[in-house]
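Position in the sequence shown (from 1) plus 5 gives the number in the working numbering. C-beta atoms are modelled at their ideal positions from N, C-alpha and C, and glycine is treated no differently. Only one structure is covered here, and it is reproduced in the block below.
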Amino acid sequence: MSGHTLETKLSRFLFQYRITPYTTTGISPAEMLMGGKPKSHLALLHPDVGVRVVRSLEEQKERRDRHAKERFFKPGDCVFIKNFSQGPPQLPGIICHQTGPVSFMVDLCDGRQIRRHQDHLRVRHRAGGERPQSVAHKDSVDSSTADWEVPVAPQHNDGLSVPTDGLFVTQPVGSPSPAQSTQPVCPPVGPRRSKRQHKPPDRLTC
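Next comes the structure, spelled out in structure tokens:
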């Protein structure tokens, strides 16, 4: 410390005094007064907690990114969505459309539409070609309409072809029509009443 002024020497002495921990409290006067440790050459001997935490997080991210797989979804993909309400933990559905960079609208099998983040979606391999109820119902209506539009030609000569709105319905000769079928008519049966005579108990008779 030679070559310095008296004021510089006094300031350095007071600084060392104020950053030295007390044996009773275990903390320095500066820390008790200001709530933090002043930075000094002694502080360089202790590693910074913030730097250590940042380094640990970077290493953890690097290890996870090494084995991570980015998820890609598009409309029409079969997925499982995470269920946050009561019931099974996952619900099957089909992606309807994309609502954001990482969010999608999913059609469930019960007709509901739920918006989910891609982290809450999982790829589902279609086993039996199941589709949501709304889509399946629409397909069934279309298929039934297409069936009505195709006329059926008679295949046997022993029947009569009766045209009905562009359709050919084959009926065998001699078979009674539904309107001419005879069934035994049963007479109306009234309500059954018991014919037993009720006798009051002895305790009620005089």
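Hey, quick one: how far does the beta strand (DSSP E) through residue i stretch, first residue to last?
i, result
"L113", "108-113"
How would you write the range of the alpha helix (DSSP H) that residue i sits in, first residue to last?
i, result
"P93", "That residue, P93, is in no alpha helix (DSSP H); it is neither H nor E in DSSP."
"K14", "11-24"
"L72", "The sequence shown places His at residue 72, not Leu. Where H72 is concerned, the enclosing alpha helix (DSSP H) stretches over 54-72."
"L38", "34-39"
Pull up the distance between the alpha-carbon of residue i and that of residue j, whole angstroms please.
i, j, result
"S108", "V54", "37 Å"
"G40", "T30", "14 Å"
"P43", "Y27", "15 Å"
"G116", "G81", "15 Å"
"F85", "R121", "10 Å"
"T25", "R17", "12 Å"
"R23", "V56", "26 Å"
"L113", "I119", "8 Å"
"Q123", "A48", "46 Å"
"C101", "F77", "14 Å"
"H46", "L62", "27 Å"
"N88", "Q103", "19 Å"
Can you pull the DSSP bridge partners for residue i?
i, result
"L126", "I86"
"P97", "F85"
"R208", "According to DSSP, R208 bridges with nothing at all."
"I119", "V111"
Can you determine whether any heavy atom of the ligand GTP sits closer than 8 Å to the C-beta of residue i, and answer yes or no?
i, result
"V111", "Looking at this structure, you won't find the ligand GTP or any other ligand, since it has none at all."
Exposed or buried, which one is residue i when buried takes at least 16 other CB atoms within 10 Å?
i, result
"V59", "exposed"
"G105", "exposed"
"L126", "buried"
Grouping DSSP H, G and I as helix and E and B as strand, with all else coil, what is residue i?
i, result
"H102", "strand"
"P80", "coil"
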